[in-house]
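Residue numbers (the working numbering): 16 to 623.
Built from N, CA and C at the ideal position, the CB exists for glycine as well.
Just below is one structure, and these are the notes that go with it.
And the structure:
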């Protein structure tokens, strides 16, 4: 138990962290020279932010109360190859978003992601904009703010002796709301940076503590081999995913990469707010790069200490999904040194607070910009920020309701979020193909959930599919991933058919969108119309999609090699570490060169 390792200094460390977060949040806008009576300053930090700061915010926001148990649980049942879990989920997706879309989003000069529909569609754009905003807030934010508040209670309650959720909410929610209310995005970004450093520091303590216990990397590897035996020990210490691993096989890695990467960057929420707030399009392109590197450092340092737990308890390698959830708590209780509780709890609080503050700030912005404005009208000058703040309070109230109904609502939210992923490919299409229209969007949104549910009924009728599900809970989860891939393909065929059978958007709408967004891909008829009017130079459109994917692939090789270098160093595999390190440095040099050249091609004569 963590409470058994408490020292007098630990509550003080936690208190200092909370106080500094509050002060930094309240005075953050002043430190950065913002005027928070202006909507642009309050919600977009004056569009003056550097890419690295926004990237740190993206990484910190990605962590919530469920991340530590989830990733540590994955690590104990996969070993070193567990890093492929986050590499497959986010590796290509974040890079594709950064390289193919970040510059275009920043150049449009809009405030939020759903505002895109106002430019892209003619009739129906208001419905698409409002629907997208409401679903992102009610399904994508409110449940996770509630989950974060529950996480804060579970973390802080044993330390401070608080049994009631209501008491925790009365302490924490006002603190979060005050600094988000007062400072806007500028305060959120600065506190996210603080929280990111706290998370990295706490994870580094655990990384070092495990190595100290086993006498270094080689000692840790020997302990794993001795405890797990030759066969399981070799699998645990391998950086390559095992074909027979029920949790993370090459097939499941492929499925994760397809599900998350397809459509990446084509629609934005809070991540878009980070892009729009950057001081230039080039800085916006760096947000995803910084975010990926920092996020992967956080996740890797969270997972590596699990090797110590396997050295003492090799039975965790075959743990069920329920059993592996306890791995993180067990690891802390066995390896966390005295005096480290305060920093660890501060890091857990930081992970949750960054997620909550981001969702409160962006959620109120999109409700103001994409629901209030289309339905009620333009607010009177000077009232925009106050309306947004009141909407923020509404989001907070709904999130409190989730806290006290968590068992049912959170499960529903997970399912709904999963079935909406079947529309992912439409996001790329609406950017890259001029024929995509509002009717195709409707087909995608309506058919996606239905296709996912129908696939859930029909696919188990296939004997092989049913046999895989019957093998165990982990295998059943992998088949759910494949179900999502199948549903994605079927839904893509449906909305593409509807699109081709209906009329495209009005040419005037498409021409104005093209001039504003400069999309890549198949826009020939629109370009020819603009050239005929003298509004576009009579030159061929550059080929940018495939080169951009190539740049992202090189970046993925760089990041993956860096992760594998750190992983092999941790268990004393120095030859493998040297090889991976050389690949990381080589691909890194190439990536820096081609990334800058590619982004320069996107931004030439188009910087807002």
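In three-state DSSP terms, what is residue 428? The residue labelled residue 428 in the question sits at position 413 within the chain shown. Per-residue confidence for residue 428 stands at a pLDDT of 41, beneath the threshold of 50, marking its modelled position as unreliable; the derived number appears in the next sentence. DSSP places residue 428 in helix when its eight states are reduced to three.
When 306, 443, 217 and 204 are compared against residue 369, the one with the closest alpha-carbon: Position 354 of the chain shown, counted from the first residue, corresponds to residue 369. Residue 204 is the option with its Cα nearest to residue 369.
Can you give, in chain order, each stretch of the alpha helix (DSSP H) that sits fully within the stretch 325 to 366 and has at least 4 residues? 336 to 339 and 342 to 350
Report yes if the C-beta distance between residue 642 and residue 290 is below 9 Å; otherwise report no. Any question about residue 642 goes unanswered here, given that the chain covers just 16 to 623.
Count the other C-beta atoms from every protein chain shown that fall within 10 angstroms of the C-beta of residue 182, then say buried if there are 16 or more, exposed otherwise. As a first step, residue 182 is located in the chain shown; it is residue number 167 there, counting from the start. Counting Cβ neighbours within 10 Å, residue 182 comes out exposed, since fewer than 16 surround it.
Quick test of the definition: if touching needs 3 or more C-beta pairs under 8 Å, does the stretch 236 to 245 touch the stretch 556 to 572? no
Output the distance between the C-alpha atoms of residue 545 and residue 167, rounded to the nearest integer angstrom. The residue you call residue 545 lines up with position 530 of the chain shown. The residue you call residue 167 lines up with position 152 of the chain shown. Their backbone Cα atoms lie some 55 Å apart in a straight line.
Which term fits residue 255, buried or exposed, when burial requires 16 or more other beta carbons within 10 angstroms of its beta carbon? Taking the first residue of the chain shown as 1, we reach residue 255 at position 240. When all chains shown are included, residue 255 counts as exposed.
Just how far apart, CA to CA, sit residue 148 and residue 445? Walking along the chain shown from the start, residue 148 turns up at place 133. Walking along the chain shown from the start, residue 445 turns up at place 430. So the alpha carbons of these two residues sit roughly 17 Å apart.
Under the DSSP definition of a beta bridge, which residues are partnered with residue 448? Taking the chain shown and counting its residues from 1, one reaches residue 448 at position 433. Looking at the DSSP assignment, residue 448 forms a beta bridge with 537.
Buried/exposed call for residue 497, threshold 16 Cβ in 10 Å: On the chain shown, residue 497 is found 482 positions in, with the first residue counted as 1. Buried, because 16 or more other Cβ atoms sit within 10 Å of the Cβ of residue 497.
Measuring CB atoms only, is the stretch 259 to 279 touching the stretch 72 to 81, in the sense that at least three cross pairs come out at less than 8 Å? no
Of the residues 381, 212 and 350, the one placed nearest residue 285, counting alpha carbons only: In the chain shown, the residue the question calls residue 285 occupies position 270. Considering only alpha carbons, the answer is 381.
Opposing strand residues paired with residue 293 [DSSP bridges]: As a first step, residue 293 is located in the chain shown; it is residue number 278 there, counting from the start. DSSP, once it has assigned bridges, lists 64 as partnering residue 293.
I need the DSSP call for residue 518, collapsed to helix, strand or coil. Within the chain shown, numbered from 1, the residue matching residue 518 stands at position 503. Coil.
Cβ of residue 306 within 9 Å of Cβ of residue 108? Numbered from its first residue, the chain shown carries residue 306 at position 291. Numbered from its first residue, the chain shown carries residue 108 at position 93. No, these two residues do not count as a Cβ contact at 9 Å.
Do three or more CB pairs link the stretch 311 to 322 to the stretch 90 to 107 at distances below 8 Å? yes
Taking the C-alpha atoms as reference points, what is the distance between residue 410 and residue 538? By one-based count along the chain shown, residue 410 stands at place 395. By one-based count along the chain shown, residue 538 stands at place 523. Using only the alpha carbons, I get a separation of about 39 Å.
Same chain, Cβ closer than 7 Å to residue 383, neighbours up to 5 away in sequence not counted: As a first step, residue 383 is located in the chain shown; it is residue number 368 there, counting from the start. Once the five neighbours on either side are set aside, the close Cβ partners of residue 383 are 399, 402, 403 and 406.
Please report the distance separating the alpha-carbon of residue 426 from that of residue 83. Taking the chain shown and counting its residues from 1, one reaches residue 426 at position 411. Taking the chain shown and counting its residues from 1, one reaches residue 83 at position 68. Model confidence at residue 426 stands at a pLDDT of 42, short of 50, so the residue's coordinates are unreliable; what they give is reported in the following sentence. About 19 Å.
Is residue 419 buried or exposed, if buried means 16 or more other CB atoms sit within 10 Å of its CB? For the purposes of this step, residue 419 is taken as the residue at position 404 of the chain shown. Residue 419 should be labelled exposed.
Below 9 Å between beta carbons: does that hold for residue 469 and residue 509? Counting from one through the chain shown, the residue named residue 469 turns up at place 454. Counting from one through the chain shown, the residue named residue 509 turns up at place 494. Not a contact, by the Cβ cut-off of 9 Å.
Using CA atoms only, rank isn't needed, just tell me which of 24, 117 and 145 is closest to residue 392. One-based indexing of the chain shown puts residue 392 at position 377. Taking only the C-alpha atoms, the option nearest residue 392 is 145.
Can you say whether residue 552 is buried or exposed, counting buried as having 16 or more other CB atoms within 10 angstroms of its CB? Residue 552 sits at position 537 when you count from the first residue of the chain shown. Flag for residue 552 reads exposed.
May I ask you to check if the CB of residue 95 is nearer than 8 Å to at least one heavy atom of the ligand GDP? Ligands in the displayed structure: none, and consequently the ligand GDP is not present.
Does DSSP classify residue 135 as helix, strand or coil? Numbered from 1 along the chain shown, position 120 holds the residue referred to as residue 135. Here residue 135 sits in helix by DSSP.
Quick check on the DSSP output: the alpha helix (DSSP H) that includes residue 156 runs from which residue to which? For the purposes of this step, residue 156 is taken as residue 141 along the chain shown, with counting starting at 1. Run containing residue 156: none; DSSP gives neither H nor E here.
For residue 489, name the three-state secondary structure that DSSP assigns. By 1-based counting over the chain shown, the position of residue 489 is 474. Helix at residue 489.
Is residue 53 helix, strand or coil by DSSP? Taking the chain shown and counting its residues from 1, one reaches residue 53 at position 38. In the structure shown, residue 53 sits in coil (DSSP, three-state: anything other than H, G, I, E or B).
Closest by CA to residue 36, which one among 581, 193 and 130? Counted from its first residue, the chain shown places residue 36 at position 21. It is 193.
By Cβ distance below 6 Å, which residues in the same chain neighbour residue 616 in space, the five residues on each side in sequence not counted? As a first step, residue 616 is located in the chain shown; it is residue number 601 there, counting from the start. Same-chain partners within the cutoff: there are none.
With 16 as the cutoff for other CB atoms within 10 Å, does residue 130 come out buried or exposed? Along the chain shown, read from residue 1 onward, the residue named residue 130 stands at position 115. Residue 130 should be labelled buried.
With residue 300 and residue 614 assumed to form a contact (beta carbons below 8 Å), what rounded beta-carbon distance in angstroms separates them? Within the chain shown, numbered from 1, the residue matching residue 300 stands at position 285. Within the chain shown, numbered from 1, the residue matching residue 614 stands at position 599. Yes, they are in contact, since the Cβ atoms of residue 300 and residue 614 sit about 5 Å apart, within 8 Å.
Distance CB(residue 311)-CB(residue 136) smaller than 9 Å: On the chain shown, residue 311 is found 296 positions in, with the first residue counted as 1. On the chain shown, residue 136 is found 121 positions in, with the first residue counted as 1. Against a cut-off of 9 Å, the Cβ pair of residue 136 and residue 311 comes out as no contact.
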